[in-house]
Amino acid sequence: MTEPLLEVTDVVKHYPIRSGIVIERDVGTVRAVDGVSLTLNEGETLGLVGESGCGKSTLCRAILQLIPPTSGSVKFLGQELVGLSRRELRPLRRQMQMIFQDPYASLNPRKRVGQIVGDPMDLHGLASGAELKRRVQDLLDRVGLRPEHYNRFPHEFSGGQRQRIGIARALALQPKLIVADEPVSALDVSVQAQIVNLLKDLQAEFGLSYLFVAHDLGVVRHVSDRVAVMYLGKVMENSGTDSLYDRPVHPYSNALLSAVPIRDSTRHASAWYSKVTCRVRVIRRRGAGSTPAARGRPRSVPPRSRRWCPTRTVTPPPVIIRAMWSPSPRDAGTSTEVRNDPIGCPLRSRSSRCCQS
Numbered sequence: 001m002t003e004p005l006l007e008v009t010d011v012v013k014h015y016p017i018r019s020g021i022v023i024e025r026d027v028g029t030v031r032a033v034d035g036v037s038l039t040l041n042e043g044e045t046l047g048l049v050g051e052s053g054c055g056k057s058t059l060c061r062a063i064l065q066l067i068p069p070t071s072g073s074v075k076f077l078g079q080e081l082v083g084l085s086r087r088e089l090r091p092l093r094r095q096m097q098m099i100f101q102d103p104y105a106s107l108n109p110r111k112r113v114g115q116i117v118g119d120p121m122d123l124h125g126l127a128s129g130a131e132l133k134r135r136v137q138d139l140l141d142r143v144g145l146r147p148e149h150y151n152r153f154p155h156e157f158s159g160g161q162r163q164r165i166g167i168a169r170a171l172a173l174q175p176k177l178i179v180a181d182e183p184v185s186a187l188d189v190s191v192q193a194q195i196v197n198l199l200k201d202l203q204a205e206f207g208l209s210y211l212f213v214a215h216d217l218g219v220v221r222h223v224s225d226r227v228a229v230m231y232l233g234k235v236m237e238n239s240g241t242d243s244l245y246d247r248p249v250h251p252y253s254n255a256l257l258s259a260v261p262i263r264d265s266t267r268h269a270s271a272w273y274s275k276v277t278c279r280v281r282v283i284r285r286r287g288a289g290s291t292p293a294a295r296g297r298p299r300s301v302p303p304r305s306r307r308w309c310p311t312r313t314v315t316p317p318p319v320i321i322r323a324m325w326s327p328s329p330r331d332a333g334t335s336t337e338v339r340n341d342p343i344g345c346p347l348r349s350r351s352s353r354c355c356q357s
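Anchor point for the sequence shown: position 285 equals 285 in UniProt numbering, and the numbering is continuous, going up by one each time.
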C-alpha cells in the first residue's frame with residue numbers, strides 16, 4: 001500500500017478567549033478544529049464540506065502551517081510538519097500551495113501580474129530575468145489569460161480573471177498539493193464552471209492533488225473523489241463521493257444533503273429519503289436552525305437545538321459505530337457509544353422510534 005501524500009491525525013486548533021482590561025485572563029476556549037484526521041493520496045481530490053464556521057478554513061491553514069495547530073500531527077510526503085521552523089518548512093512549501101477564497105483580497109493591488117505570479121519563483125531561486133518572464137507568460141496562457149496581461153494590475157481584471165491569476169501563482173512552484181479554500185464561492189455561476197473545469201484540466205496535466213473546500217455540494221460532487229463532512233470542528237463522515245451523496249451514513253450528512261434546494265419540494269435531496277416512506281414532524285424550538293456558538297460546544301451531535309424529531313415507518317439507516325477514522329474506507333464519526341437516529345435522537349434498538357424530548 002502506497003504512503004498517502006498528506007496524512008492529518010487528530011489536529012486540534014483552539015483559541016483562548018480572554019477578558020480584562022488591566023489583567024487579562026482566559027475565560028473560555030473556541031474549539032475551531034477539534035481532533036480532525038484526514039488522508040489524501042497523490043492525484044486525488046478530497047472535498048471538504050460543512051456550514052460556515054465549522055472550521056474548514058482554519059483546518060486548511062493548520063495543514064499548511066500558516067497557523068500552528070494546538071496539537072496533532074500533519075505529515076506531508078512522510079515528513080512531520082508540526083514543530084518545524086520556518087527555515088525547515090521552506091523547501092516543503094514549494095510542494096504545498098493555496099488558492100484563497102476571495103480573489104479581490106488575495107492579490108496585492110500595488111503589484112503587477114508578472115510580479116504576483118513570478119515572485120514565488122524568484123524567492124525560491126527557480127528562475128530570473130528573461131526566463132522568469134517566459135515562465136510567467138506560459139503560466140498565464142495555461143490558465144486562460146493572455147501573455148500581454150503580464151504588466152497589468154489586479155484592478156484591471158474581473159473576479160474570474162483574478163482567480164485565474166491566483167491559480168497561476170499557486171502553480172508557479174510546481175506543487176504536488178493545492179489547498180483550494182472555496183475558490184469559486186465569490187464568483188458568478190458561469191465563471192464557477194470555467195474555474196472548476198480549469199482545475200480539473202490542470203490536475204490531469206500536472207498530476208495535482210486537491211483539498212477542495214466548498215459550500216456548493218454540487219460542485220464538490222463534480223470534482224471530488226472522496227468527501228469529508230465537517231461540523232463544529234469535527235469530521236462527521238468521510239467516504240467516496242457517490243456513496244456519500246446516494247446513501248449518507250451519519251445523521252448530520254443526511255441533514256446537510258436534505259437542505260439542498262430542489263425544484264420538487266415533495267422530494268428530498270438525499271437519495272435515502274427518496275426511497276423510503278417517512279413522516280417527519282418538525283418540532284419548532286427557540287433558536288432552532290442556528291449554528292451553536294463555538295465557545296460552548298454541545299455534547300450531542302447534532303445538538304438538541306437543531307435536530308428534527310421524525311417518526312418513521314421504516315428502519316433508519318445504521319450509523320457506523322467505531323473509533324473516529326478507523327481504517328475502513330467509509331467512516332462515520334461518533335463521539336459516544338450511542339447510535340443516533342436522524343437527527344440526534346438516541347436509538348435503543350433498530351426498531352425503536354425517535355423520542356420527542
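Ideal Cβ placement from N, Cα and C applies to all residues, glycine included.
Closest Cα partner of Arg31 within the set Val113, Ala180, Ile17, Leu145
Nearest option by C-alpha distance: Ile17.
Can you list the alpha helix (DSSP H) stretches of 4 or more residues lying completely in the region 37 to 73, in chain order?
Here the runs fully enclosed are 56 to 63.
What does DSSP give as the partner residues of Tyr15 in its beta bridges?
Residue pairing from DSSP places Tyr15 in a beta bridge opposite Val30.
State the start and end residues of the unbroken alpha helix (DSSP H) segment that holds Phe100.
Phe100 -> no alpha helix (DSSP H), and no H or E assigned at all.
Starting from Ser158, follow the beta strand (DSSP E) in both directions and report where the run begins and ends.
Careful: Ser158 lies outside any beta strand (DSSP E) and carries neither H nor E.
Give me the Cα-Cα distance between Leu6 and Gln137, rounded to the nearest whole angstrom.
Put simply, the backbone Cα of Leu6 is about 31 angstroms away from that of Gln137.
Distance, Cα to Cα, Lys56 vs Gly50?
Taking the straight line joining both Cα atoms gives about 7 angstroms.
If I follow the unbroken alpha helix (DSSP H) through Glu237, where does it start and stop?
Segment 234 to 240 is the beta strand (DSSP E) holding Glu237; no alpha helix (DSSP H) there.
Is the beta carbon of Gln97 sitting closer than 7 angstroms to the one on Pro175?
The Cβ atoms of Gln97 and Pro175 lie closer than 7 angstroms to each other.
Measuring only from the beta carbon, is Arg152 closer than 6 angstroms to any heavy atom that is part of the ligand ZN?
The model on display carries no ligand, and the ligand ZN is accordingly not part of it.
Contact between the region 104 to 119 and the region 40 to 49 (3+ Cβ pairs under 8 angstroms)
Not touching, per the Cβ criterion.
Do you know how far the Cα of Val22 is from the Cα of Arg94?
Using only the alpha carbons, I get a separation of about 44 angstroms.
Which class does Gln79 belong to by DSSP, given the choice of helix, strand or coil?
Strand.
So, for Val219: in the same chain, excluding its five sequence neighbours on each side, which residues have a beta-carbon less than 8 angstroms away from its beta-carbon?
Here the set comprises Val184, Gln192, Val196.
Checking 7 angstroms against the spacing of the C-beta atoms, do Leu171 and Leu139 come in under that value?
Going by C-beta atoms, Leu171 is nearer than 7 angstroms to Leu139.
Nearest-angstrom Cα distance between Gln65 and Asp181?
Near 15 angstroms, if we compare the C-alpha coordinates of Asp181 and Gln65.
Span separating the alpha-carbon of Glu80 from that of Leu132
Approximately 32 angstroms between the Cα atoms of the pair.
Please check the pair Gly47 and Phe212, which I expect to be a contact at CB under 8 angstroms, by giving their CB distance rounded to whole angstroms.
About 5 angstroms separates the beta carbon of Gly47 from that of Phe212, a gap short enough to meet the 8 angstroms contact definition.
Min CB distance Asp201 to chain E below 7 angstroms
The chain labelled as chain E is not found in the depicted structure, where only one protein chain is given.
Provide the residue(s) that pair with Arg25 in DSSP beta bridges, ordered along the chain.
Paired residue(s): Ser19.
Ile63 and Val74 - do their beta-carbons sit closer together than 7 angstroms?
Yes, they are a contact pair.
Which residues in the same chain have their Cβ closer than 7 angstroms to the Cβ of His149, if we skip the five residues on either side of it in sequence?
Taken in chain order, the residues that qualify are Val113, Leu140.
To the nearest angstrom, how far is it from the Cα of residue 369 to the Cα of Gly78?
It is not possible to answer for residue 369, since the shown part of the chain is limited to 1 through 357.
Taking the alpha-carbon positions, what's the Leu101 to Ser224 distance?
The amino acid occupying residue 101 in the given sequence is Gln; Leu does not appear at that position. Using only the alpha carbons, I get a separation of about 18 angstroms.
Whole-angstrom C-beta distance between Leu173 and Met121, which should lie under 8 angstroms
Taking the Cβ atoms as the reference, Met121 lies roughly 7 angstroms from Leu173, within the contact range of under 8 angstroms.
So what does DSSP say about Asp246, is it helix, strand or coil?
Residue state for Asp246 is assigned as helix, using DSSP reduced to three classes.
First and last residue of the uninterrupted beta strand (DSSP E) at Asp181:
That run of the beta strand (DSSP E) goes 177 to 181.
Paired residues, beta bridge with Thr9 - DSSP:
The partner list for Thr9 (beta bridge, DSSP) reads Ser73.
Within 10 angstroms of its Cβ, does Gly233 collect 16 or more other Cβ (buried), or is it exposed?
Counting Cβ neighbours within 10 Å, Gly233 comes out buried, since at least 16 surround it.
Quick one: Cα of Ala269 to Cα of Gly125, how far?
Model confidence at Ala269 stands at a pLDDT of 46, short of 50, so the residue's coordinates are unreliable; what they give is reported in the following sentence. Their Cα atoms are separated by approximately 50 angstroms.
In whole angstroms, what is the alpha-carbon distance linking Arg169 and Leu198?
Taking C-alpha positions only, Arg169 is separated from Leu198 by approximately 14 angstroms.
Using the Cα positions of Ala228 and Glu237, report the straight-line distance between them to the nearest angstrom.
When rounded, the distance between both Cα atoms is 6 angstroms.
Roughly how many whole angstroms lie between the Cα atoms of Asp242 and Arg152?
Straight-line Cα distance between these residues: approximately 43 angstroms.
Does the beta-carbon of Asp188 have 16 or more other beta-carbons within 10 angstroms, so that it is buried, or is it exposed?
Asp188 is exposed by the Cβ-count criterion.
Quick one: residues in its chain with C-beta nearer than 8 angstroms to the C-beta of Gln194, no 5 flanking neighbours on either side, listed in chain order?
The beta carbon of Gln194 lies closer than 8 angstroms to those of Gly144, Gly160 in the same chain, with the five residues before and after it left out.
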